[in-house]
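Q:
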Amino acid sequence: MSPSTAKTATRSELEEWLDGFIRDPSFLEAYPYYAAILAKMTPVADPSVARMAVSLHDGRFYLHVNVESFMAEPQYLRGVLLHEVHHVVLGHLTHPKFAECEEPELMDLAVEMSANEYIEEELPPAVRWRAYSSIGMRPGQSTIERYEILVRHLQGTGSRPKPGAGEQGSGNVDDHRHLARGETSAGGVAQTALLVGRAVSEAKAERAAKRAAEEPPPPKRRGKRPPPQPPVTNDDDDPNVSRRYLVAGRTPGRLIEELSETTRAPDVIIDWRAALAMFVARVRAPVHTWSRPSRRFPDRVFEVPGRSWAPRRTAEQRLLVAIDTSLSMTKQELEEIARQLVVLSERVHVTIAECDVAVARVYPFAGRIENVVGRGGTDLRAVFAPSVLGAHDVDGVVYFTDGEGPYPEEPAPVPTLWVLTKPQHFRCPWGEKAWLRPPRS
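Counting from 1 along the sequence shown, just add 6 to a position and that's the residue number in my numbering.
1) Is it buried or exposed for E535, if we count other Cβ within 10 angstroms and need 16 for buried?
2) Out of V363, L96, P421 and Q81, state which residue places its alpha-carbon closest to the alpha-carbon of R387.
3) If G85 and L129 are in contact, beta carbons under 8 Å, what's the gap, nearest whole angstrom?
4) Within a Cβ cutoff of 8 Å, which residues of the same chain sit near S207, ignoring the five residues on either side of it in sequence?
5) Under the assumption that T427 contacts V403 (Cβ atoms under 8 Å), give the Cβ distance between them as a whole number of angstroms.
6) Are the stretch 106–123 and the stretch 64–75 touching by the rule of at least three beta carbon pairs closer than 8 Å?
7) What's the gap between the Cα of V133 and the Cα of P49?
8) How is the alpha helix (DSSP H) around R217 delimited, first residue to last?
9) When the distance is taken between beta carbons, is G170 closer than 8 Å to S148?
10) Compute every distance between the C-beta of A78 and the non-hydrogen atoms of the ligand ATP, then say whether any falls below 7 Å.
11) How far does the alpha helix (DSSP H) with E74 in it extend, from its first residue to its last?
12) Sort L83, Y37 and I43 by Cα distance to M58 and report the nearest one.
13) Between the alpha carbons of H89 and L325, how many angstroms are there, rounded?
14) By Cβ distance, which residues of its chain are closer than 8 Å to A41, with the 5 residues on each side in sequence left out?
15) Can you tell which of A196, A205, S18 and A218 has the C-alpha that lies nearest to the C-alpha of H98?
16) Measure the CB-CB distance between P435 and A199 and report whether it falls below 8 Å.
17) Taking all protein chains shown into account, do 16 or more other C-beta atoms lie within 10 angstroms of the C-beta of T100, making it buried, or fewer, making it exposed?
18) Roughly how many whole angstroms lie between the Cα atoms of R136 and V378?
19) Go ahead and pull the three-state DSSP assignment for D408.
20) Distance, Cα to Cα, P392 vs D401?
21) On a Cα-Cα basis, can you pick out the residue from A328, L261, G142 and H184 that is closest to V368?
22) Can you name the residues that DSSP bridges to L326?
23) When you compare each of A344, P370, T407 and F371 to C361 by their alpha carbons, which one comes out closest?
24) Is it true that the CB of I43 sits closer than 8 Å to the CB of V179?
25) Within 10 angstroms of its Cβ, does E106 collect 16 or more other Cβ (buried), or is it exposed?
26) In this structure, does DSSP put W278 in helix, strand or coil?
27) Opposite L69 in the DSSP bridges: which residues?
28) Report buried or exposed for D64, applying the criterion of at least 16 other Cβ atoms within 10 angstroms of its Cβ.
29) What does a CB cutoff of less than 6 Å around G373 pick up in its chain, not counting 5 residues either side in sequence?
30) Taking I343 as the reference, give the member of I375, T357 and V356 with the closest Cα.
31) Does the Cβ-Cβ distance between V356 and V253 come in under 8 Å?
32) Over what stretch of residues does the beta strand (DSSP E) that includes V365 continue unbroken?
33) Compare the Cα-Cα distances from T331 to each of Q323, G409 and P80 and report the closest residue.
34) Taking just the CA atoms, how far does V425 sit from D385?
35) Using only alpha-carbon positions, find the residue among L20, T257 and V55 that is nearest to H184.
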């Protein structure tokens, strides 16, 4: 993008520019998970911000970019992009705990310290935790811990904390106007966790596909099946490369765990009948692919992918409907569920899975749900095991449950809708949620 077009950059031009940047092999190799998260954010040209900012509107994360600023200071682009990812994944944008504070200026200082930590790329003048080590700042502290240290210093001395001699104590890398200040979106923390989970899952899948494409095919054996291949090693477990697969100094699983530890239930959970219809519509919708060479970078085939829309596979879509049989599901509730599934079965193939602590039985939906097997405890992880999802090759999961049981830490590889009898108790940060309202008497 040239300086002459910076002022008039359209969203599509800005998206292509950002996409080309984060898909550059040097950035993608060094920061694969950061690139995956940035790819799920929508960039908008915003000359009202000094450099960059992030926001959340209607379930979509936006990256506000002052294009002219980065034309003048291109050396800061990498560092500031990493900084924005940190604001998002640490919950600074969505979590109410960062809004509900008595000292907003000290909170700004704390979030800036945490957003700058673990960044080795060049940044504009920025505050670091080391500047306040004399009052107790240490590496790896959470944003709230740092805020509490700053507040204690203010209360104990009557003066605001100052940086050590020769240290940078102020100056925000980006614009904080959109960070949480009492205007948090319902379910915003869960949306943040879902963003992280989906981005990382897609990055892992893309890496595995690339690795498989680079490996030579196994030799053909006449009259015999090829021997089973060993499982793909997870790079996250390799101490020599694991640093590349951290975000803000944490594994993606740890980030999601930190977000979900204090996640509030969404203020509004829609009725399950409407949610189910919308969910099936999304499962059947076209998907985004990267199979076409980039028109903007035609000479960089297999480095910078293009974009195209392709329909999902032509075979009938398959939906797995799991019923938590530890529930005291009434006959009336099962009949109502069955009535809704009859309508959906005209559009997708529905398979029923009955599960309490283990999957009791799986069978094609035949228009009725009568007696269910189980009535034990609850373990929501069993349905998502590869042996279950892989065996039935489903495109989505709908899970009827009270939510009181362990759930998978990592998001499922397929879209998931939780239909809950107790939505206020369910803490899983990923998947869509709806309320199974009790029938009116």
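Glycine is no exception: its CB is placed at the ideal position from the N, C-alpha and C atoms.
Please read all numbers here as calculations on a predicted model, not as lab measurements.
A: On the basis of the data shown:
1) This structure cannot speak to residue 535, because the chain is shown only from 7 to 447.
2) The sequence position of residue 387 within the sequence shown is 381, counting from 1. Considering only alpha carbons, the answer is V363.
3) The residue labelled residue 85 in the question sits at position 79 within the sequence shown. The residue labelled residue 129 in the question sits at position 123 within the sequence shown. Right, their Cβ atoms sit about 4 Å apart.
4) Indexing the sequence shown from 1 puts residue 207 at position 201. Result list for S207: E416, P417 and P419, in chain order.
5) Locating residue 427 in the sequence shown gives position 421, where the first residue counts as 1. Locating residue 403 in the sequence shown gives position 397, where the first residue counts as 1. In fact, because the Cβ distance is near 17 Å, the residues do not count as touching under 8 Å.
6) no
7) Position 127 of the sequence shown, counted from the start, is the residue given in the question as residue 133. Position 43 of the sequence shown, counted from the start, is the residue given in the question as residue 49. Approximately 25 Å between the Cα atoms of the pair.
8) Counting from one through the sequence shown, the residue named residue 217 turns up at place 211. Per DSSP, R217 belongs to the alpha helix (DSSP H) from G194 to E220.
9) In the sequence shown, the residue the question calls residue 148 occupies position 142. In the sequence shown, the residue the question calls residue 170 occupies position 164. Contact flag unset, no.
10) As for the ligand ATP, it is missing from this structure, which has no ligand bound.
11) Stepping through the sequence shown from its first residue, residue 74 is reached at position 68. Start and end: V73 to A78.
12) Here residue 58 refers to the residue found at position 52 of the sequence shown. Checking every option, the nearest Cα to that of M58 belongs to L83.
13) If you number the sequence shown from 1, residue 89 lands on position 83. If you number the sequence shown from 1, residue 325 lands on position 319. In a straight line, the C-alpha of H89 is about 39 Å away from that of L325.
14) What you label residue 41 is simply residue 35 of the sequence shown in a count that begins at 1. Taken in chain order, the residues that qualify are I28, R29, F33, L34 and A209.
15) Walking along the sequence shown from the start, residue 98 turns up at place 92. It is A196.
16) In the sequence shown, counting from the first residue as 1, residue 435 sits at position 429. In the sequence shown, counting from the first residue as 1, residue 199 sits at position 193. Yes, the Cβ-Cβ distance between P435 and A199 is below 8 Å.
17) To locate residue 100, count along the sequence shown from 1; it is residue 94. Looking at its Cβ environment, which holds 16 or more other Cβ atoms inside 10 Å, T100 is buried.
18) In the sequence shown, the residue the question calls residue 136 occupies position 130. In the sequence shown, the residue the question calls residue 378 occupies position 372. When rounded, the distance between both Cα atoms is 59 Å.
19) Against the sequence shown, residue 408 aligns to sequence position 402. Three-state result, D408: coil.
20) Mapped onto the sequence shown, residue 392 falls at position 386. Mapped onto the sequence shown, residue 401 falls at position 395. Going by the C-alpha atoms only, they are around 13 Å apart.
21) To locate residue 368, count along the sequence shown from 1; it is residue 362. Taking only the C-alpha atoms, the option nearest V368 is A328.
22) Position 320 of the sequence shown, counting from 1, holds the residue named residue 326. The partner list for L326 (beta bridge, DSSP) reads T357 and V403.
23) The sequence position of residue 361 within the sequence shown is 355, counting from 1. Nearest option by C-alpha distance: T407.
24) Here the question's residue 179 lines up with position 173 in the sequence shown. Here the question's residue 43 lines up with position 37 in the sequence shown. Contact: no.
25) Here residue 106 refers to the residue found at position 100 of the sequence shown. Counting Cβ neighbours within 10 Å, E106 comes out exposed, since fewer than 16 surround it.
26) Stepping through the sequence shown from its first residue, residue 278 is reached at position 272. Correct three-state label for W278: helix.
27) Working through the sequence shown from its first residue, we reach residue 69 at position 63. Answer is P49 and V60.
28) Sequence index remark: in the sequence shown, residue 64 carries index 58 (1-based). With fewer than 16 other Cβ atoms within 10 Å, it is exposed.
29) The residue given as residue 373 occupies position 367 in the sequence shown. Here the set comprises V348.
30) Here the question's residue 343 lines up with position 337 in the sequence shown. Measuring from the Cα of I343, the nearest candidate turns out to be I375.
31) Numbered from 1 along the sequence shown, position 350 holds the residue referred to as residue 356. Numbered from 1 along the sequence shown, position 247 holds the residue referred to as residue 253. No, they are not a contact pair.
32) The sequence position of residue 365 within the sequence shown is 359, counting from 1. That run of the beta strand (DSSP E) goes V365 to P370.
33) To locate residue 331, count along the sequence shown from 1; it is residue 325. Of Q323, G409 and P80, the residue nearest in Cα terms is G409.
34) Indexing the sequence shown from 1 puts residue 385 at position 379. Indexing the sequence shown from 1 puts residue 425 at position 419. In a straight line, the C-alpha of D385 is about 15 Å away from that of V425.
35) As a first step, residue 184 is located in the sequence shown; it is residue number 178 there, counting from the start. It is V55 whose Cα lies nearest to the Cα of H184.
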